[in-house]
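Visitor: Quick note on this note's numbering: the sequence shown kicks off at 1 and runs consecutively. We put the beta carbon where it would ideally sit given N, CA and C, even for glycine. Source: prediction; values computed, not measured.
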Amino acid sequence: MKRFLFLLVMLSLAVAAQAQTPSAPTVDPKLDSLAKLAQRFINNNQPDSLYAIMGDAFKQQISADKMKEVVGQVSGQLGKWTAMESRGVQNGIARYKATFALAPLDFYISQDKQGKVETFLFKPLE
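Written as structure tokens, this is what we have:
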């Protein structure tokens, strides 16, 4: 009987601890997919493919040539983009910890109504 009570108490503690553990931030699967595409295109030095998934609002602000320059700088200065960890979504903009070979950055991405990238931003990690 003591053994049963001990197991019951241990199980209750494990369930309580699990319930208090914060869950991973949720991410919209479409944004997650766009973020993974961006990672792949940057790692494979494919700025044209990356630019192709950008929406009209983004393209009005950044030219294809500027995108090539940015991708070259990111890859050249930071190395390969090795990991991406979700930090949540706020106002439709997903935030990730983007880990490159030489440094981590915050990465923000959102999509427009057509499913194209609207926000695409790297910032120093907070």
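Might you give, ordered along the chain, the residues of its own chain that have their beta carbon closer than 7 Å to the beta carbon of ILE53, omitting 5 neighbours on each side?
Guide: LEU34, LEU37, LYS116 and VAL117
Visitor: Taking only runs of the beta strand (DSSP E) that begin and end inside the segment 53 to 90, which ones reach a length of at least 3 residues, in chain order?
Guide: 81 to 90
Visitor: Can you tell me which of LEU105, ASP32 and GLU69 puts its alpha carbon nearest to the alpha carbon of GLU126?
Guide: LEU105
Visitor: How about TRP81 and GLN39: are their beta carbons less than 8 Å apart?
Guide: One thing to note: TRP81 has its Cβ within 8 Å of the Cβ of GLN39.
Visitor: What three-state label does DSSP hand ALA94 in the structure shown?
Guide: Under the three-state reduction of DSSP output, ALA94 falls in the strand class.
Visitor: Span of the beta strand (DSSP E) holding ASP106?
Guide: 104 to 111
Visitor: What does a CB cutoff of less than 6 Å around TYR108 pick up in its chain, not counting 5 residues either side in sequence?
Guide: ILE93, ARG95, THR119 and LEU121
Visitor: To the nearest angstrom, how far is it from the Cα of GLU69 to the Cα of VAL89?
Guide: 28 Å
Visitor: Can you find the residues in the same chain that come closer than 6 Å, C-beta to C-beta, to ALA83, ignoring five residues on each side of it along the sequence?
Guide: THR99
Visitor: CB SER49 to CB PHE58, shorter than 8 Å?
Guide: no
Visitor: Can you check which of these residues, LYS113, VAL71, LEU78 and ASN91, is closest to PRO124 by C-alpha distance?
Guide: Residue LEU78 is the option with its Cα nearest to PRO124.
Visitor: Which partner residues does PRO124 have in the DSSP bridge list?
Guide: LEU105
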